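Protein chains in written order, with the working numbering: chain W, 1113 to 1380; chain S, 257 to 535; chain Y, 11 to 350.
Backbone N, C-alpha and C fix where the C-beta goes; we use that ideal spot for every residue, glycine too.
Here the structure is a predicted model, which is why all the values come from computation and not from measurement.
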Amino acid sequence: MRLEEVIDEAPGIRTLKLAFQDEAAGENFSFKAGQFGLYSVFGEGECTFCIASPPTRKGYIECSFQEVGRVTNALRQLEVGDTLGFRGPYGNWFPLDEMKGKNIIFVGMGIGLAPVRCVIWNCLDLRADFSDITIIVGSRNVDLLPYKPELKQWEEMSDVNLVKTVDPGGETPDWDGKVGFVPTVVEQLAPSPDNAVVIICGPPIGIKFTLVSLEKLGFSPDQVYTTLENKMKCGLGKCGRCNVGNVYVCKDGPVFTAAQIRALPQEF
Amino acid sequence: MIEELRQKARELLEKGEVDLVIGYGEGSDPTRTMPVFIRRPEDCDRLVWNKYCYNNLTSYLTWPELKTAGKPAVVCKGCDAKAVVVLCKESQINREDVVVIGMSCEGVGEPLLGKCEFCDVRTPKNCDIVIGPEIEPLSKEKQYEDVEQLEGKDAADRWEFWRDQFSRCIKCYACRQACPLCYCTQCIVERNQPQWVPTSSHPKGNFAWNIMRAMHLAGRCIGCGECERVCPSNIPLMLANKKLAQVVKEQFGYESGYDIDEPLPMASFMPEDSDELFK
Amino acid sequence: MAEFKLNRDKLGELVKALKGEGYRVVAPVEQERTFVFEEVDDPGEIRLDVLRTKRSIKGWFFPRVEPTLSYEFDGQSVTCKSDLPESPPKTVIIGCRPCDAASLPMLDKLFDWDYRDEYWFKRREATTVISVACDAPDSYCFCTSVGGAPDGTAGADLVMKKTSSGDYLLEPATEKGTAIVEAAKSALDPATGNEEILVGEVPQRFDLGAVKPWLDDNFDHEYWKEISYKCLSCGVCAFVCPTCHCFDIQDESTLERGVRLKSWDSCCLPIFTRHGSGHNPRSTRDTRYRQRVMHKFTYYVDKFGVTACVGCGRCSAACPIDMNICTVVAGAAKLAETST
C-alpha cells in the first residue's frame, strides 16, 4: 500500500489513508464494516487495526491508531509516498443487513471511535436503510476527540443526532458539547430500546459501564454490538494469541454482541 | 532432619512469625520434589527433604504475587541461601522480611550434580535457622577446572563450541524464570523499542540472549545451577556463568552470595580496582 | 495385520533402503545427554528404545523459527517475496511414539481452519510417520486418558510393534505406510504370524468426560490459584509439547532488507497477551496456567472436537517445578466428582 495522506486527529492519534499500489487489487478489494486488517511497517512488524474507512468508499482504506509501541511509533515515522503492507480483511462484521429499518445508536469513546466511524459512514452512505441515527462521542478532553472535521459534518446533518461529551475537567471555555462520562450521558439521553441497536467501542472499562447504563434503560445485551480489540498477531486463528474462552477474536470476532461477551471469560 | 524441619515450620506458622512456608513437597514420582507453599501449621507434614530437592526456592521471593502473601519462610540449601544475600544487597527484599531455614546438605542429584562436588556451604551460611549437622565444606580448588579446560582451546574452537551449544537454545526462557536473580519486571528481551535481543531462536538470537544473560549475571550469579538443570536442551550455561565468576574473583576478589555487607562489584567502584578489564 | 517385520539387527539396512529411495531419515538420537529427533546419517545412533524424547516431532512440521516472507527496501518502495518452502524434502520420521503421531491429525484441524497453513501441510505431505508402539510406558504417560493408546494408529502411517524376540512387526495404517514398506522391502522379512507382540499398559488416570464440564463451569475456582502458585511461567511445557502451536511473528531487518519470522511462543510466558498499551489480560501465573489447561481440554474441544493433549507426559517430565498436567487434570476430575 502507498501512504497517501496523514491526518493528525489528536495528540497521539493519527489516521493514515492508504491506496493500493496494485490498482487491480484495489478494485477487487471489498470488506464489511467491522473487519480488520494487519498493517505492516516492513522492518518493524505488523499491527492489527480495524479498517476505519467505510466499505462503501472504494479505492482506499484508512486506519486510525494511537501510538503506544514499536509498530505504532514506526507508523508515525512514515511519510506520504512510503510503502506499507496490508493484509485483510479478516474477522467478522457488524450485521448491518439485520439492522435495516432500525434506530442505530453509535457510541464511540476515544480511539474506540475508529471502528465505529467505519460503520457510521457505512450507514450514512446508505442512509435510507436505517431509521434514526444517534451518535454519542466521548473522550477524556477536547483535544483527544478524534475525527473533529467529521464530527462537525455529522453535527450539521439534519437526520443525525450527534451528542459529544468530554469527561468532567476535560472541557475548554468554548466547548459547546456536554460534560460528563459517556455512561452518564447515555443515561441522560435515555434512547429507547425499541427497534434499536447499539454499536459501541472504547476502552474496556468504558464499555462495561456504558452497558450497565444501557441495561438500565431497558436494552438487552443482544441489542448491543461491540468490537473487541484483543492482541492479535496472525489474524487467521493460528497463533493462539487472541484466544479467549472458546473463541478466537480474529476469527469468531472481533464483532460480538454484549451477550456473547458476557458469556466469555473476562480475559481481554 | 525432616521431622525437625516440619516442627520448625509448624512453630513459625503457629506463632505467627511467618505467614507462609515455601518448601519442598513430594513430587509426581520418587525422583522428584516440587515447591509447596504452606500456610497452615497442620500442612507442614507435606514438607520433605531429600537428595531430589533441586529447586532454588528463593526465586519465588521476588514474584509480585508472593509479595502480598505475607512474610515467608523459605527452605534453602547452602547454595540457595546465597541468593538471599544477593537479593538483599540489590534491595529486592529486606533481610528481616524473610526467614531463611537452611538445610545442611551433602549434595542433590543422583549422580551428584556438578556444583555439589565443590560445595563450601554444605552447612548453609547466612540463615536464620539451620537444620541438620555441621558438614565440612569441600575444597573449591578445582571448581574452575571445566572452565580452564575450555579456556585451553583456541578462540576458533571455543567459538565453535559455543555456536554449537547455543544453536540448540529454543528461547523458552526457563533459565531466566528459574534463576533467583533474574527478577527484572521487564526483561531486556521483552523490550522492543528497540528490539535489543531478537526473540526468535536462530543462531544470532540465541547467542545474544545467552551471552547477555551471562553478562547480566556477572558478579551476581551464586552458582545454584538451576538454569542449567532446567534447560531442555542441556546447554552448559554454568560454564559461561562460572567463567564470568572466575573473572570477577580474579579482578575484584569477590565471590557472590557470602557477605551481605560487601559492596556489589558491578555496582561500586574502588580506587584500587584494576583497570585490566578496560584495556 | 502385519505382513512384514524388521529384524532387530536390520535397522541399518532399513535406513539405507529408505535413503536409497531418496528419503531423509529423522529418528531419536542422543544429543548432549538428552534425546531429540534429528536427521540421521549413522543408523547406529538411532534410539528406538527411548520412551520419551525431550522435544516432540512437531519441529519437523512447524519449525521453531521460520521465515514467512522477506523484503528489500529501495527508497520509499519495498519488494516482498514469499519464503514458503516450495517442496520440503521427502522425509521419514521413524521412532516416534503413538502419542507423538496422534498430535499431527489433531493439529491439522487448526492449521486447516479456513486458512490452510501451507507451511504445515507441505511438510505433512512430504513426511511419512513411523511410530513405535510402547512396550514400557512410565508414570508420566497418560495417553489412554485422552483417547489414545500405547499402540494407537492416529497420525501414523506405519506402526512398528516390538515382539518378544526384539524384532518389530510393521503394520501399515495408511497408503503412505504401505508405500514405505514397499520401499524398504529389501530390509524386511515376512512375518510369521506367531510373534508375541509386546504392548505396555497405561492405566486410565482420569475420566476425561468429567473434566470438560467441570472446566466449563469453574473458571473462577480457587483451584487455579492453588495449583499454579509454583509455576515459573517459563514456557518449557509449551515448547516440548507435541500439540502446543502458539507462535509469534517478528520482523528483523537492516536498512537494506528484512525478514518476517514466525517462531514458537507460549501462552505461559508473561507478555504473551500484553497489548501495546501495557494492558495485560493475563498478567498473573494462575490466569496463564488456567488458559493452558482450558485451551487444551475445553476450548480446543469446542472448536475442533478433539482434546489438544496426547498424554505424552513431556511437559510434566521437563517442568522445572514438577507441574504434572495429568495430576492437575485428575485433580479437576476429582473436584468434578465431589461436586456432583
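Inset, instruction - Answer yes or no: does any C-beta atom of chain W fall closer than 9 angstroms to that of His305(Y)? - result: Here the question's residue 305(Y) lines up with position 295 in the third sequence. Answer yes: the Cβ-Cβ gap between His305(Y) and chain W drops below 9 angstroms somewhere.
Inset, instruction - Would you mind listing the beta strand (DSSP E) stretches within the segment 384-450 of chain S that are 3+ residues and don't spill past its ends, in chain order? - result: Annotation note: the segment 384-450 of chain S contains the following uninterrupted beta strand (DSSP E) runs of length 3 or greater, listed N- to C-terminal: 385-387.
Inset, instruction - Check each candidate in Lys29(Y), Val35(Y), Arg284(Y) and Ser141(Y) and name the one with the smallest Cα separation from Val169(Y). - result: Here the question's residue 169(Y) lines up with position 159 in the third sequence. Cα-wise, what sits closest to Val169(Y) is Ser141(Y).
Legend entry - Start and end residues, beta strand (DSSP E) containing Gly1197(W): Taking the first residue of the first sequence as position 1, residue 1197(W) is located at position 85. For Gly1197(W), the enclosing beta strand (DSSP E) covers residues Gly1197 to Tyr1202.
Inset, instruction - Measure the alpha-carbon distance for Thr314(S) versus Cys332(S) and round it to whole angstroms. - result: As a working mapping, residue 314(S) is identified with position 58 in the second sequence. As a working mapping, residue 332(S) is identified with position 76 in the second sequence. Rounded to the nearest whole angstrom, the C-alpha separation of Thr314(S) and Cys332(S) is 8 angstroms.
Legend entry - Coil, strand or helix - Ser263(Y) by DSSP: Walking along the third sequence from the start, residue 263(Y) turns up at place 253. Strand.
Legend entry - Every unbroken alpha helix (DSSP H) inside the segment 1277-1313 of chain W [4 residues or more]: Segments of the alpha helix (DSSP H) lying fully in the segment 1277-1313 of chain W: 1294-1301.
Legend entry - Close-in-space but distant-in-sequence residues of the same chain around Trp1266(W) (CB under 7 angstroms, 5 per side omitted): Counted from its first residue, the first sequence places residue 1266(W) at position 154. Exclusion of the five residues before and after Trp1266(W) leaves Ile1247, Val1272 and Leu1274 as the residues of its chain whose Cβ lies within less than 7 angstroms of its Cβ.
Legend entry - Asp217(Y) Cβ short of 8 angstroms to the ligand PLP heavy atom set: For the structure depicted, the ligand PLP is absent and the ligand set is empty, with no information on it obtainable.
Inset, instruction - Residues of the segment 1179-1210 of chain W with a CB closer than 8 angstroms to any CB of chain S: list them in chain order, please. - result: Going along the segment 1179-1210 of chain W in chain order, one finds Gly1181, Arg1182 and Asn1185 with a Cβ nearer than 8 angstroms to chain S.
Inset, instruction - Taking only beta-carbon positions, decide if Tyr1360(W) is within less than 9 angstroms of chain Y. - result: If you number the first sequence from 1, residue 1360(W) lands on position 248. Chain Y, which has a Cβ nearer than 9 angstroms to the Cβ of Tyr1360(W), makes this yes.
Inset, instruction - Establish whether the CB of Glu482(S) and some CB of chain Y are separated by less than 9 angstroms. - result: Mapped onto the second sequence, residue 482(S) falls at position 226. Yes, because at least one Cβ of chain Y sits closer than 9 angstroms to the Cβ of Glu482(S).
Legend entry - Nearest-angstrom Cβ-Cβ length linking Val250(Y) and Cys325(Y), presumed shorter than 8 angstroms: To locate residue 250(Y), count along the third sequence from 1; it is residue 240. To locate residue 325(Y), count along the third sequence from 1; it is residue 315. Indeed they touch by this definition, with Cβ atoms about 6 angstroms apart.
Legend entry - Nearest neighbour of Leu225(Y), chosen from Lys306(Y), Ser87(Y) and Arg65(Y) [CA to CA]: Residue numbering aside, residue 225(Y) sits at position 215 when the third sequence is read from its first letter. Nearest C-alpha to Leu225(Y) among Lys306(Y), Ser87(Y) and Arg65(Y): Lys306(Y).
Legend entry - CA nearest to the CA of Gly1200(W), picked from Gly1220(W), Ala1164(W) and Thr1184(W): Here the question's residue 1200(W) lines up with position 88 in the first sequence. Of Gly1220(W), Ala1164(W) and Thr1184(W), the residue nearest in Cα terms is Ala1164(W).
Inset, instruction - Please specify which runs of the alpha helix (DSSP H), each continuous and at least 4 residues long, are wholly inside the segment 163-235 of chain Y, giving them in chain order. - result: Annotation: the segment 163-235 of chain Y contains the following complete segments of the alpha helix (DSSP H) (minimum length 4 residues), in chain order: 185-193 and 218-227.
Legend entry - Spatial distance of Gly1193(W) from Lys26(Y) (CA atoms): Residue mapping note: residue 1193(W) aligns to position 81 of the first sequence, counting from 1. Residue mapping note: residue 26(Y) aligns to position 16 of the third sequence, counting from 1. In a straight line, the C-alpha of Gly1193(W) is about 58 angstroms away from that of Lys26(Y).
Legend entry - Backbone secondary structure at Thr283(Y) - three-state DSSP: The count along the third sequence starts at 1 and reaches residue 283(Y) at position 273. It is coil, neither helix nor strand.
Inset, instruction - Would you kindly check if the distance between the Cβ of Pro1366(W) and the Cβ of Thr1339(W) is under 9 angstroms? - result: Walking along the first sequence from the start, residue 1339(W) turns up at place 227. Walking along the first sequence from the start, residue 1366(W) turns up at place 254. In contact: Thr1339(W) and Pro1366(W) (Cβ atoms closer than 9 angstroms).
Inset, instruction - Below 7 angstroms between beta carbons is the criterion; list the residues of the segment 234-268 of chain Y that meet it against any residue of chain S, in chain order. - result: Taking a C-beta cut-off of 7 angstroms against chain S, the contacting residues of the segment 234-268 of chain Y are Tyr239, Lys240, Leu242, Ser243, Cys244, Gly245, Val246, Phe249, Val250, Asp258, Gln260 and Glu262, listed in chain order.
Inset, instruction - Return the chain-ordered list of same chain residues with a C-beta closer than 8 angstroms to the C-beta of Ala146(Y), the five sequence neighbours on each side being excluded. - result: For this step, residue 146(Y) is matched to residue 136 along the third sequence. Around Ala146(Y): Leu61 and Gly210.
Legend entry - Chain-ordered chain W contacts of Gln449(S) [CB-CB under 8 angstroms]: Here the question's residue 449(S) lines up with position 193 in the second sequence. Listed along chain W are Gly1181, Arg1182 and Asn1185, each with a C-beta nearer than 8 angstroms to that of Gln449(S).
Legend entry - Residues within the segment 426-448 of chain S neighbouring chain Y, beta-carbon criterion of under 9 angstroms: Across the segment 426-448 of chain S, CB contacts with chain Y closer than 9 angstroms involve Ile426, Lys427, Cys428, Tyr429, Ala430, Cys431, Arg432, Gln433, Ala434, Gln442, Cys443, Glu446 and Asn448, in sequence order along the chain.
Inset, instruction - Using DSSP bridges, identify the partner residues of Met1221(W). - result: If you number the first sequence from 1, residue 1221(W) lands on position 109. Gly1250(W), per the DSSP bridge assignment.
Inset, instruction - Check whether the Cβ atoms of Pro436(S) and Ala501(S) sit closer than 9 angstroms, and answer yes or no. - result: Counting from one through the second sequence, the residue named residue 436(S) turns up at place 180. Counting from one through the second sequence, the residue named residue 501(S) turns up at place 245. No, the Cβ-Cβ distance between Pro436(S) and Ala501(S) is not below 9 angstroms.
Inset, instruction - Helix, strand or coil for Trp305(S), going by three-state DSSP, please let me know. - result: Locating residue 305(S) in the second sequence gives position 49, where the first residue counts as 1. Looking at Trp305(S) - three-state DSSP - the assignment turns out to be coil, as it is neither helix nor strand.
Legend entry - Tyr1360(W) - DSSP class collapsed to helix/strand/coil: Walking along the first sequence from the start, residue 1360(W) turns up at place 248. Residue state, collapsed to three classes: strand.
Legend entry - Span separating the alpha-carbon of Ser326(S) from that of Ile444(S): Against the second sequence, residue 326(S) aligns to sequence position 70. Against the second sequence, residue 444(S) aligns to sequence position 188. The question names Ser, but residue 326(S) in the sequence shown is Gly. C-alpha of Gly326(S) to C-alpha of Ile444(S): approximately 29 angstroms in a straight line.
Legend entry - Contact set between Gln86(Y) and chain W, taken where Cβ atoms lie within less than 7 angstroms: Here the question's residue 86(Y) lines up with position 76 in the third sequence. Within chain W, the C-beta atoms nearer than 7 angstroms to that of Gln86(Y) come from Gly1193, Asp1194 and Thr1195, in chain order.
Legend entry - Where His458(S) meets chain Y, residues with beta-carbon distance less than 7 angstroms: Locating residue 458(S) in the second sequence gives position 202, where the first residue counts as 1. Within 7 angstroms Cβ-Cβ: Val75.
Inset, instruction - Using the DSSP secondary-structure output, state which residues sit across from Gly279(S) in a beta bridge. - result: As a first step, residue 279(S) must be located in the second sequence, where it is residue number 23. Answer by DSSP bridge pairing, in chain order: Val292(S).
Legend entry - CA-to-CA distance, Val403(S) to Asn312(S), given in whole angstroms: Taking the second sequence and counting its residues from 1, one reaches residue 312(S) at position 56. Taking the second sequence and counting its residues from 1, one reaches residue 403(S) at position 147. One C-alpha to the other measures close to 23 angstroms.
Inset, instruction - Would you tell me roughly how many angstroms separate the C-alpha atoms of Ser287(Y) and Ile478(S), rounded to the nearest one? - result: Position 277 of the third sequence, counted from the start, is the residue given in the question as residue 287(Y). Position 222 of the second sequence, counted from the start, is the residue given in the question as residue 478(S). Computed Cα separation, rounded: 36 angstroms.
Inset, instruction - Tell me, to the nearest whole angstrom, how far the beta carbon of Gly279(S) is from that of Ile294(S); I am working on the premise that it is less than 8 angstroms. - result: As a first step, residue 279(S) is located in the second sequence; it is residue number 23 there, counting from the start. As a first step, residue 294(S) is located in the second sequence; it is residue number 38 there, counting from the start. Indeed they touch by this definition, with Cβ atoms about 7 angstroms apart.
Legend entry - Counterpart residues of Tyr1337(W) in DSSP-defined beta bridges: Sequence index remark: in the first sequence, residue 1337(W) carries index 225 (1-based). Its beta-bridge partners are Ile1311(W) and Thr1369(W).
Legend entry - Contact set between Gly283(S) and chain Y, taken where Cβ atoms lie within less than 9 angstroms: The sequence position of residue 283(S) within the second sequence is 27, counting from 1. Scanning chain Y for C-beta atoms nearer than 9 angstroms to the C-beta of Gly283(S) yields Asp332 and Asn334, reported in chain order.
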